[in-house]
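What follows is a set of notes on a single structure, which appears directly below.
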């Protein structure tokens, strides 16, 4: 089974992401920060909520690249937080989306992994 990790404290939006993941055949785990989760073998997607994570995007990208180098890094956040979105791009995230873009593209998010 494919595996995905979501770093977020937004339980409402997290449930929507988890539903899309399960529908696409993924096993979804969740955490609040990258330092407090174990990256499972075979992890294919790491999704980071930029508005709620306690870690820097640079620390997240580095940790994932070291522990699960083939995992696809996806960041999302409010469209008004342009600095955080830009920081995720600069840190090497594969996909950076606004919350609205992610919400509208949930079905495709896991099919592209």
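Residue numbers (the UniProt record's numbering): 1 to 113. Idealized CB from N, CA, C, for every residue including glycine. All figures in this text were calculated on a predicted structure; none of them were measured in a lab.
#### Entry: Beta-carbon proximity check, residue 52 vs residue 32, cutoff 9 Å
To locate residue 52, count along the chain shown from 1; it is residue 52. To locate residue 32, count along the chain shown from 1; it is residue 32. In this structure, residue 52 lies near residue 32, with their beta-carbon atoms less than 9 Å apart.
### Message
What would DSSP say about residue 103, mapped onto helix, strand or coil?
### Response
One-based indexing of the chain shown puts residue 103 at position 103. Here residue 103 sits in helix by DSSP.
### Message
Taking only three categories from DSSP, how would you classify residue 51?
### Response
As a first step, residue 51 is located in the chain shown; it is residue number 51 there, counting from the start. The answer is coil: DSSP assigns residue 51 none of H, G, I, E or B.
#### Entry: Residues that residue 27 bridges to, as DSSP identifies them
As a working note, residue 27 is residue 27 in the chain shown. Looking at the DSSP assignment, residue 27 forms a beta bridge with 3.
### Query
When you compare only the Cα positions, how much space is there between residue 77 and residue 99?
The count along the chain shown starts at 1 and reaches residue 77 at position 77. The count along the chain shown starts at 1 and reaches residue 99 at position 99. If you take the alpha carbons of residue 77 and residue 99, they lie about 5 Å apart.
### Query
Taking Cβ positions, are residue 1 and residue 17 nearer each other than 9 Å?
On the chain shown, position 1 is the one that residue 1 refers to. On the chain shown, position 17 is the one that residue 17 refers to. The answer is no: Cβ separation not under 9 Å.
### Query
Quick one: is residue 5 buried, meaning 16 or more other Cβ sit within 10 Å of its Cβ, or exposed?
Locating residue 5 in the chain shown gives position 5, counting from the first residue. When all chains shown are included, residue 5 counts as buried.
### Task
Identify whether residue 83 lies in helix, strand or coil by the three-state DSSP scheme.
Looking up residue 83 in the chain shown gives position 83. Residue state, collapsed to three classes: helix.
### Task
For residue 115, count neighbouring Cβ atoms within 10 angstroms of its own Cβ and tell me buried if that reaches 16, exposed if not.
The chain is shown from 1 up to 113; residue 115 falls before or after that span and cannot be answered.
### Query
In three-state terms, what does DSSP make of residue 97?
In the chain shown, the residue the question calls residue 97 occupies position 97. Three-state result, residue 97: strand.
### Message
Does residue 61 pass the burial test, meaning 16 or more other C-beta atoms within 10 Å, or should it be called exposed?
### Response
Counting from one through the chain shown, the residue named residue 61 turns up at place 61. By the neighbour-count rule (16 or more Cβ atoms within 10 Å), residue 61 is buried.
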